[in-house]
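Protein sequences appear in the order of chains X and S. Each residue of the first sequence is one higher than the one before, starting from 1 at the first, in our numbering. Each residue of the second sequence is one higher than the one before, starting from 283 at the first, in our numbering. From the three backbone atoms N, C-alpha and C, an ideal C-beta is built for every residue, glycine too. Note that the structure is predicted; figures quoted are calculated from it, not measured. Report on the following structure.
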Amino acid sequence: MYPAQFDYRRAGSVDEALGLLQEHEDAKLMAGGHSLIPMMKLRLAQPPVVIDIGRLDELKGISEAGGGVRVGALTTHADIAASDILAASCPVLAEAAGHIGDAQVRNRGTIGGNIAHADPGSDLPPVLVLLGASVHLQSPSGARSVAAADFFQDLLMTDVGEDEILTHVDVPAQSAGAGAAYLKFEHPASGYAVVGAAASVTVQHGRCTAAGLVIGGVGAVPTAVDVSSLVGADLSDDAIATAASGLDTEDPLGDIFASGDYRVHVGKVYGKRALAAARDRA
Amino acid sequence: MAGVLGTSIKRREDPALITGRGKYTDDLLVEGMAHAAIVRSPYAHARIRGIDTSAAKTYPGVVAVLTARDVAAAGIPGMVPVGWLLPDLKTPAHPMIAADTVRHVGDAVAVVVAEDRYVARDAAERVAVDYEPLDAVADVVAALEDGAPTVHDDAPGNVAFDWEIGEKDPVDAAFAQAAHTVELDLRNNRLIPHAIEPRAALASYDSSTGVMTIHMTSQNPHVHRLLMTLASLGMPEHKVRIVAPEVGGGFGSKIHHYADEAIVGLCSLKLDRPVKWTATRTETNLTDAHGRDHSTHCAMAFDGDGRITGLRVDTKAAMGAYLSTFAPAVPTYLYGTLMSGQYDIPAIHCHVTGVFTHTAPVDAYRGAGRPEATFVVERLMHLAGEATGLGPIEVRKRNFVPADAFPYQTQVALAYDSGNYGPAMDRALEMIGYDDLCREQASRRGNGNGRRQMGIGFSSYIEACGLAPSAVVGSLGAQAGQWESADVRVHPTGSVTVYTGSSSHGQGHETTFSQIVADRLGVAPEAVEVIHGDTDLVQFGMGTYGSRSAAVGGSAIAGSVDKIIEKGKKIAAHLLEAAAEDLEYEDGSFRVAGSPDRALGLGDVALQAYLAHNYPDDLEPGLSATTFYDPANFTYPFGTHVCVVEVDTETGSIELLRYTAVDDVGNVINPMIVDGQLHGGLAQGIGQALWENAVYDDSGQLVSGSLMDYALPKIHNLIQFELDRTTTPCPHNPLGVKGVGEAGAIASPPAVVNAVVDALKPFGVTHIDMPLTPEKVWRAVNAD
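And the structure:
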């Protein structure tokens, strides 16, 4: 549990952090340190320089912005889980954050670090994809945003460029008549999601007008399930089960706890249950 | 002091431990201390063609790099010993640093000593070992197949031993005439102990005195000293001091003599400076002796009345790559001897093959053989309840050894001294509300085999604690005695210090042993200090394992207190001008019987014992006594546990709904500590049943080597346990105590599995191997 030698630099501003990134090849950014440090302790990661951005207050906090919610990259899972703003306008994100790790992890871990690490068993990615969130990145040459669905590219791989810092995530507010839910099938050892099912259903005037389902843990990146058959439908348990059974992953993940076949099965079951919970909240 | 024994006084150990002031081995800092990192084999089986240490030796901050050559050059025996021998046991050499062949991932090949532990670890990566990988076998069944890779050339077919107990012919006859039979093939899953404090050692050799002091994570410091003297370091016993400071759990894993602590000793000897090593969690998982890992075929025969007529058990037990300290005893004398359980079984035969595999060694882990035996017996009894139509309760009750049959001689060597099994089961049934549960279960089953099924599982277990007596265990192969010592010293002012050979590694000995003295000697528990864990302070001791501390260590203390009272009576009689036989001792005072005003307090007598100014001519001064207590027999705790689960048949997930345990551990010294032991044991036993699993792949890599993959039970996985006790005191020790350290881990795995199998009865499921992961359960539900 002793990391290899590395240099530590603490950035005082986003600009300084961007400069340090330019300056040090193969440097790693550290926010809460809850993904990077364990990898360094096991010597699976041996960055020559760690740039600590954990104290950049400009990247912290939750605020209402442009009809949605802006979540700073350094906002902790605990703050997300307890946010009044999110509870009012996007409760499913808070719900998912409350499932991450344990209290100590939630107190240190951040949304930016979490999604930049992009563990396939992470709780936040399927929810962000479900919500149509956008991820904002800053580089010396400017800022850009990318849709969550495009942000997660492969196992532990994202759209963050070598010279970029993830600054914040914008989440659209939940529309009237919408209900959403996140259900987690937890790995008994790691606490990560074997399957994490994020679902939303919008009901207006007694009719389903929109539905979404994204499953985490089964594939390398969050897997969206086509549940458009529910739009206009009666949202019966049978209709929901049929829609959720559309989960299709070519090459599902597997480990000694849960095989790929089993994960797909649980993904369908949890997808169904998440949709039903979303319906009941709509 | 009356009212101390049997009282939940708070653990005096806790304030320091909870506030971080406890000193564990890794907390110790010594002037001039260097740090060791051990280079370990990444292969399960390989030949070492060469080791190039040059890059590591020249790495800045490195003090030395040692290999097997340095062990040989030091002129020490350099071997890791085995402390229990069986007839025809193969005992292949286990060098403390591998010289030419590595036999499991984690086998030590070199050690780097550096000025700090980070440098040591960096340099360890620069030791270049040229390995020629060889075929490996990690599975206990595969290791016995023809053509399997050989772990040791001097153990053909990978057989370490072939052992049996009981009579085969009567068992065969019982099966030939049986009205009902049940049988089962099962795997008892391999477990990794996971003490919260990893193993650690700080060796300090003083060349001016020739004394080697090793502070280390030890459950039995004197045993470690003895084994290091005889086998590894080879230093004279009087020149070695082993100290166990605070020890953060062990569960058996800190009984054994590992290579690592001797390697650290060699480093200090060679460099003449203190050297510390603390295992990483990865290292403990790769090298701590694992537990269980059996493959078993078992069967039970019954007559038409549902009475057991025979039990047949055939087990293949993994030993791992080398024989760990007490490994051969665990699947034999701690397993085969328990096969009678709580039942009157007229014919038993148990055959065990010990098997070498290219894995970490397997040795005692909480329960050590007894959980494995209980699992066999109690799973078969569950099946028997179905096969005989008697159900799980009646089939057990019908076969319990009757209360008036004690002492009861089993067919597998043990003679149970006492027991009363029916009341414990009745109390468990009452607490769990069995009839209501059955109605609830029927309603769920009637409801079209709905998604949430409920199951109720029983486990009526027997335990044998406090391995004894020494002459018997010696005849069975133990290379150590199984007594315990206590030196109790009453100081001139009447306060007391106890020196016990039963060293604590978290159990609360300082609290409970002070309660024993307080009760028997009539002093306040606060007036009693308990010293343990240091070979220079304590006379000798066998240590803490096998739930022996209260029954054996506590009895030794009681013996010394009794001797002190006897001597004190002589002193008091002299002072009071009375006859010693007329004196009574009560509440800390010596009184002349019938003359309550003629009395002296313990302090008055103690003071005279040390002044010896006014003193009997024929008595030595001083007021202390040493006892080496060798028990007449094991003790035999027992009880019935009931587990209630809900199984989500759609996903295979299991939810614990209730867990009731009624245990009979004899007289109780501190109910809170007994409850705590049960809670911990239950967590580990439920952990084995539902989550824990050490998994090696076909090449011998440990794929569950970190806590990301090895699932320990966490508090949110568990429920509030419902505990109660019956009390059947042990008839052969002075305290009537029996032991409780392992009961929870022994009883609970079959209770949980029986509950899950009961829940899945409508799906035709009769067995699932542990751990009962959701996927396994789901596949069992959906099997054709």
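M582 (chain S) has S:V464 and S:L593 as its beta-bridge partners, per DSSP. At least 8 Å separates the beta-carbon of G132 (chain X) from that of V195 (chain X). If you draw a straight line from the Cα of L311 (chain S) to the Cα of A406 (chain S), it comes to about 22 Å. The Cβ atoms of V218 (chain X) and A282 (chain X) lie no closer than 8 Å to each other.
Following the DSSP letters along the chain, one finds Q153 (chain X) inside the beta strand (DSSP E) bounded by residues F152 to D154. In terms of Cβ geometry, R408 (chain S) and A338 (chain S) form a close pair [threshold 8 Å]. Here the stretch 812-819 of chain S makes no contact with the stretch 600-615 of chain S; the two share fewer than three CB pairs at distances below 8 Å.
Listed by position along chain X, the residues whose Cβ is nearer than 8 Å to that of N999 (chain S) are P188. Ranked by how close their Cα comes to the Cα of P653 (chain S), the residues S:V683, S:M582, S:E668 and S:Y743 have S:Y743 in first place.
Taking CB atoms only, Y867 (chain S) has no neighbour in chain X less than 8 Å away. The alpha carbon of P913 (chain S) has as its nearest neighbour, out of S:L939, S:T692 and S:E766, the alpha carbon of S:E766. The beta carbon of T933 (chain S) lies closer than 7 Å to those of P1056 and W1060 in the same chain, with the five residues before and after it left out. Distances from the CA of A544 (chain S) to each of S:R574, S:G573 and S:R507 were compared; the closest alpha carbon is that of S:R507.
Here the stretch 875-891 of chain S lies against the stretch 761-777 of chain S, with 3 or more beta-carbon pairs under 8 Å apart. Neighbours of M990 (chain S) across chain X, judged by C-beta separation under 7 Å: A189 and S190. Cβ contact annotation for A258 (chain X) (same chain, cutoff 6 Å, sequence separation greater than five): V194, in chain order.
Here DSSP, grouped into helix, strand and coil, assigns W1060 (chain S) to helix.
Interface with chain S (8 Å Cβ-Cβ cutoff): S259 (chain X) is included.
Contact note: Y2 (chain X) reaches chain S through R399, Y400 and R403, using a C-beta cutoff of 7 Å and chain order. By the criterion of at least three beta-carbon pairs nearer than 8 Å, the stretch 463-470 of chain S is not in contact with the stretch 528-544 of chain S.
Per DSSP, the beta bridge partners of Q691 (chain S) are S:A697. Selection X:G254, X:S245, X:G191 and X:D238 evaluated against N999 (chain S) yields X:G191 as nearest (Cα-Cα). The Cβ-Cβ distance between I936 (chain S) and V926 (chain S) does not fall below 8 Å. With respect to D957 (chain S), G921 (chain S) sits apart: the two C-beta atoms are not nearer than 8 Å. Contacts with chain X at 8 Å (Cβ-Cβ) do not include T383 (chain S).
Of all C-beta pairs linking the stretch 218-231 of chain X to the stretch 1009-1027 of chain S, fewer than three are shorter than 8 Å, placing the two stretches out of contact.
The three-state secondary structure of P172 (chain X), taken from DSSP, is strand. With respect to Y992 (chain S), N567 (chain S) sits close: the two C-beta atoms are nearer than 8 Å. T340 (chain S) has a beta carbon lying at 8 Å or more from every beta carbon in chain X.
About 26 Å separates the CB atoms of E519 (chain S) and Y306 (chain S); that is not less than 8 Å, and the two are not in contact. Ranked by how close their Cα comes to the Cα of M315 (chain S), the residues S:D417, S:S500, S:G547 and S:A410 have S:G547 in first place. Residue contact with chain S for Y8 (chain X): absent (no Cβ-Cβ distance below 8 Å to any residue of chain S).
In the DSSP assignment, C747 (chain S) is bridged to S:T917. Chain X has a Cβ within less than 8 Å of the Cβ of S986 (chain S). Rounded to whole angstroms, the gap between the alpha carbons of L964 (chain S) and A1029 (chain S) is 8 Å. Distance between E162 (chain X) and L156 (chain X), taken at the CA atoms: about 14 Å.
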